[in-house]
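In the numbering used here, the protein residues as written are 4 to 158.
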């Protein structure tokens, strides 16, 4: 069950990374055409297109949350399988190396493969995945907006 949760967080991390890449390379004319044709994907993509900072903030927040969950889950997996409490006393550097190795795998394999896939097929994937994208946009964009406003206040 824990391994399944780790795989899901890796896929969600790739999803958010891919969304950010697809957003920067999507065909805006195609979105307007779909919107004028009355398609749901065109209407929802148009909403996302009109709020670029909120959309990018949503994808960054999603990546941060999923990477945090991934780290916590892998630490739990390592703890349950390797008896971390004994390892920490004997080889604390080994735990650090294992965590860094796992996160590097996620960054290299998942991030780059999803971003290149989403960049190559941006409009098709955004149209196909518009419902989950819009769902996460509604949930995470207020958080990103609060972060953006607080950053502006601190500057």
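The C-beta atom is built at its ideal place from N, Cα and C for all residues, glycine as well.
Just so you know, these numbers come straight off a predicted model, no measurement behind them.
Sub-8 angstroms separation of residue i and residue j beta-carbons
i: residue 72; j: residue 133; result: no
i: residue 121; j: residue 41; result: no
i: residue 151; j: residue 17; result: no
i: residue 102; j: residue 78; result: yes
i: residue 76; j: residue 12; result: yes
i: residue 35; j: residue 62; result: no
i: residue 125; j: residue 28; result: yes
i: residue 2; j: residue 123; result: Any property of residue 2 remains undetermined from this structure, which presents the chain solely from 4 to 158.
i: residue 9; j: residue 80; result: yes
i: residue 69; j: residue 15; result: yes
i: residue 128; j: residue 25; result: yes
Whole-angstrom C-beta distance between residue j and residue i, which should lie under 8 angstroms
i: residue 139; j: residue 65; result: 6 angstroms
Item to check | Touch test, the segment 107 to 119 against the segment 143 to 151, Cβ-Cβ under 8 angstroms, three pairs minimum | outcome: no
Next on the checklist: Extract the residue ranges of the beta strand (DSSP E) inside the segment 17 to 70, only unbroken runs of 3 or more that lie entirely within it.
Outcome noted: none
Checklist entry - At which residue ranges does the segment 110 to 134 contain complete beta strand (DSSP E) runs of 3 or more residues, listed in the order of the chain? => result none
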